[in-house]
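For the sequence shown, our numbering begins at 20 and goes up steadily by one.
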Amino acid sequence: MSRYILHFAPDNASLIIRLALDALGQHYTAVLVDRSRTEQASPRYLRLNPHGLIPALEVPDGPIFETAAILLWLTDRHGELGPSARSPKRADFLKWLFFVSNTFHPALRMTFYPEKYVGPDPEHQSRVRQEMQKALKQHLISIEARAAHAPFALAIQLYLAALLRWCALYPADTNRDWFQLNDLPHLHAMCRAVEALPCTTAAQTAEGLGPTPFSAPRYATPPQGSAT
Ligand SMILES: N[C@@H](CCC(=O)N[C@@H](CS)C(=O)NCC(=O)O)C(=O)O
20 MSRYILHFAP
30 DNASLIIRLA
40 LDALGQHYTA
50 VLVDRSRTEQ
60 ASPRYLRLNP
70 HGLIPALEVP
80 DGPIFETAAI
90 LLWLTDRHGE
100 LGPSARSPKR
110 ADFLKWLFFV
120 SNTFHPALRM
130 TFYPEKYVGP
140 DPEHQSRVRQ
150 EMQKALKQHL
160 ISIEARAAHA
170 PFALAIQLYL
180 AALLRWCALY
190 PADTNRDWFQ
200 LNDLPHLHAM
210 CRAVEALPCT
220 TAAQTAEGLG
230 PTPFSAPRYA
240 TPPQGSAT
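Written as structure tokens, this is what we have:
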């Protein structure tokens, strides 16, 4: 029995935790949350994450939800993903990890699921999507400036690589003028570096991510489950 059980759907935020666990060389069992059957809202899954969001990671202390919380827990438990609590680099690590999870990731979510934030009116949805894309563009300029100054800790690199992938792919039917990875050379280089890691090779196989999942992504063709 593994110490860790990752509840995942392909190309969902669980990808970030899969990359982290594989980067750490930690053994884990991956359990599919079947999104085609909305299993993330099932009573069984809600016992792991009452908010019905993927991922959840079961650890010996109980289930953890929220991507950044899981990354921070793994960092503190295993090191390698980021600086330790007493490191002089810890403050910078925490502020960027929290910026990515509290500001960037929710803004991106609002472009994926505007109906969850503003209801069924298509005009409202389109307006919130446009506003969030404008905000995301600004956030990317700020993150790129930080990346130009020094590389991010691995936990943040893995998180950002997945978010940049989704900026390029989701939602499928929307205007993407706001996002060009080529305009962000340090983040582009970071994506290439993450692609060269063995943890990415493992995720490509497990989730059908294709040859360049972060620098030039294509829609996943997963061996099991579905991304949406
Ligand atoms: N704040 C959450 C967000 C996770 C999230 O957005 N998960 C998406 C998949 S990438 C999800 O579960 N979507 C299903 C839904 O919203 O019903 C985290 O960081 O873990």
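The C-beta atom is built at its ideal place from N, Cα and C for all residues, glycine as well.
Beta carbon of residue i, beta carbon of residue j: below 9 Å?
i, j, result
"Ala32", "Leu100", "no"
"Pro62", "Gln243", "no"
"Leu116", "Leu90", "yes"
"Ala49", "Ile24", "yes"
"Ile35", "Phe112", "no"
"Tyr238", "Leu188", "yes"
"Pro241", "Glu226", "yes"
"His124", "Pro133", "no"
"Phe84", "Leu51", "no"
"Arg37", "Thr247", "no"
"Phe233", "Thr220", "no"
"Leu93", "Gln45", "yes"
Could you work out which residue in the options is closest to residue i when comparing CA atoms only?
i, options, result
"Asp95", "Arg63, Leu43, Arg146 and Cys186", "Leu43"
"Gly98", "Pro204, Gly244 and Leu40", "Leu40"
"Thr80", "Val147, Thr86 and Arg22", "Correcting the residue identity first, residue 80 is Asp in this sequence and not Thr. Checking every option, the nearest Cα to that of Asp80 belongs to Arg22."
"Arg195", "Arg105, Gln149, Ala60 and Pro107", "Gln149"
"Lys114", "Ser161, Thr193 and Leu65", "Ser161"
CB of residue i to nearest heavy atom of ligand 2: below 8 Å?
i, result
"Asn194", "Looking for ligand 2 in the displayed structure turns up nothing; the ligands present are ligand 1."
Taking DSSP as the reference, what is the three-state secondary structure of residue i?
i, result
"His26", "strand"
"Val147", "helix"
"Phe112", "helix"
"Ala75", "strand"
"Leu182", "helix"
"Phe233", "coil"
"Leu51", "strand"
"Pro141", "helix"
"Phe1", "Examination of residue 1 is not possible in this model, given that the chain is present from 20 through 247 alone."
"Pro204", "helix"
"Phe84", "strand"
"Thr240", "coil"
"Thr224", "helix"
"Gln152", "helix"
"Arg96", "helix"
"Thr247", "coil"
"Gln45", "coil"
Keeping to the same chain, check which residues put their C-beta closer than 6 Å to that of residue i; ignore five residues upstream and five downstream.
i, result
"Cys186", "Phe198"
"Pro139", "none"
"Pro82", "Leu67 and Ala75"
"Ala212", "none"
"Phe158", "A small correction: the amino acid at residue 158 is His; Phe does not occupy that position in the sequence shown. Answer for His158: Phe123, listed in chain order."
"Lys108", "Pro102"
Can you find the residues in the same chain that come closer than 8 Å, C-beta to C-beta, to residue i, ignoring five residues on each side of it along the sequence?
i, result
"Met209", "Ala166, Pro170, Phe171, Gln176, Leu179 and Ala180"
"Leu182", "Val119, Phe123, His124 and Leu127"
"Leu86", "Note on residue identity: the sequence assigns Thr, not Leu, to residue 86. Closer than 8 Å at Cβ, skipping near neighbours: Ala32, Ile35, Ile36, Pro74, Ser120, His124 and Tyr178."
"Ala266", "Residue 266 is absent from the model: the chain starts at 20 and stops at 247."
Ignore the nearest five residues each way along the sequence and tell me which others in residue i's own chain have a CB closer than 7 Å to its CB.
i, result
"Thr231", "Glu214"
"Thr163", "Correcting the residue type first, residue 163 is Glu in the shown sequence and not Thr. For Glu163, where only same-chain residues beyond five positions count, the Cβ hits under 7 Å are Leu203, His205 and Leu206."
"Asn201", "His207"
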